[in-house]
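Enquirer: Encoded as structure tokens, here's the structure I'll be asking about.
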């Protein structure tokens with residue numbers, strides 16, 4: 109699977125989040141045939157919901173498109189390392205592979221803070237980090253720099 113190709117699709121979604129005033133995180137879920145079956149981007153600020161993360165949106169869309177809550181055999185690609193909530197959703201959805209761009213040093217649950225996928229859960233997806241990391245990290249740093257400048261900091 110061409111992880112960079114699908115990460116570019118996630119980056120486009122992250123840019124939509126930034127345009128809407130939300131932290132630029134984008135996510136796609138790809139099935140075994142290489143088709144994107146779920147897309148999402150952060151909408152926490154717009155929705156005022158703690159659970160409106162890109163991964164949750166993409167997982168929900170993928171489940172709806174597949175007609176099943178089980179996404180075994182599917183790959184999730186996200187521009188930022190998943191947090192504990194999203195890692196839990198990945199485990200519960202039975203996703204087979206997790207691919208992320210930038211590391212998340214505060215909430216990252218694929219290796220930065222903890223690797224929840226190494227715990228005693230029955231699902232242990234393959235994990236690939238650092239895919240288009242520079243571009244993914246740049247989206248985040250640009251977003252937060254713009255916010256600091258807007259506040260006069």
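Residue numbers (the numbering used here): 109 to 261.
No residue lacks a Cβ here, since even glycine has one placed at the ideal position from N, Cα and C.
Within the chosen definition, does the region 127 to 137 reach the region 176 to 188 through at least 3 CB pairs nearer than 8 Å?
Expert: The region 127 to 137, when compared against the region 176 to 188, does touch it at the 8 Å Cβ threshold.
Enquirer: Where does residue 215 fall in DSSP's three states?
Expert: Working through the chain shown from its first residue, we reach residue 215 at position 107. Coil at residue 215, not helix or strand.
Enquirer: Under a Cβ-count criterion, where at least 16 other Cβ atoms within 10 Å of its own Cβ denotes burial, should residue 191 be classed as buried or exposed?
Expert: Here residue 191 is taken as the residue at index 83 of the chain shown, counted from 1. Under this definition residue 191 is a buried residue.
Enquirer: When we look at the beta-carbon of residue 113 and count the other beta-carbons within 10 Å, is it buried (16 or more) or exposed?
Expert: For the purposes of this step, residue 113 is taken as the residue at position 5 of the chain shown. Exposed.
Enquirer: List the residues that DSSP assigns as beta-bridge partners of residue 184.
Expert: Here residue 184 refers to the residue found at position 76 of the chain shown. Answer is 137, 206, bridged to residue 184.
Enquirer: Near residue 109, what residues of its chain come up, given a Cβ to Cβ distance below 6 Å and the 5 sequence neighbours on each side ignored?
Expert: Along the chain shown, one-based indexing puts residue 109 at 1. If we look at residue 109 and ignore the five residues flanking it on each side, it has no Cβ neighbours.
Enquirer: Comparing alpha-carbon positions, which option in 193, 202, 161, 206 lies nearest residue 177?
Expert: On the chain shown, position 69 is the one that residue 177 refers to. The shortest Cα separation from residue 177 among 193, 202, 161, 206 belongs to 202.
Enquirer: Mind the definition here: the region 233 to 252 touches the region 112 to 127 only if three or more C-beta pairs lie below 8 Å; say whether that holds.
Expert: Short answer: they touch.
Enquirer: With 16 other CB atoms within 10 Å as the buried threshold, where does residue 142 fall?
Expert: Sequence index remark: in the chain shown, residue 142 carries index 34 (1-based). By the neighbour-count rule (16 or more Cβ atoms within 10 Å), residue 142 is not buried but exposed.
Enquirer: Under the rule that 16 or more other beta-carbon atoms within 10 Å means buried, what is residue 250, buried or exposed?
Expert: The residue given as residue 250 occupies position 142 in the chain shown. That one is exposed.
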